[in-house]
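Novice: Before we start, here is the structure in question, set down as structure tokens.
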Amino acid sequence: MDKQDCNRCKQADYATPRLHERLVFVNKLANMGRSFLKVAVEENLNLALTRLTNTEQLA
17 MDKQDCNRCK QADYATPRLH ERLVFVNKLA NMGRSFLKVA VEENLNLALT
67 RLTNTEQLA
């Protein structure tokens, strides 16, 4: 993504190449964080469902 295509840079009159690099980096980190949380939640749900199923089978 270059500076001209960046919506955040378009909104900021003070956007410099360095600021653009930081915005892109922070955006990548945020996307990675969201992906990580999504996987973690899905795994926890799967584990909880497995335990619930196992408990029901034992009862």
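For the sequence shown, my numbering assigns the number 17 to the initial residue and increments by one for each residue that follows.
The beta-carbon is built from N, C-alpha and C at its ideal position, and this holds for glycine as well.
Everything numeric in this text was worked out from a predicted model, so none of it was measured.
1) Over the uninterrupted alpha helix (DSSP H) stretch that includes Thr71, give me the two end residues.
2) Rounded to whole angstroms, what's the CA-CA distance from Thr66 to Glu59? Just pull it up for me.
3) In whole angstroms, give me the CA-to-CA distance for Pro33 and Leu45.
Specialist: On the basis of the data shown:
1) For the purposes of this step, residue 71 is taken as the residue at position 55 of the sequence shown. Pro33 to Leu74 is the span of the alpha helix (DSSP H), which, as asked, contains Thr71.
2) Along the sequence shown, one-based indexing puts residue 66 at 50. Along the sequence shown, one-based indexing puts residue 59 at 43. For Thr66 and Glu59, the distance between alpha carbons rounds to 10 angstroms.
3) Translated into the one-based positions of the sequence shown, residue 33 becomes position 17. Translated into the one-based positions of the sequence shown, residue 45 becomes position 29. When the Cα atoms are used, Pro33 and Leu45 turn out to be separated by approximately 18 angstroms.
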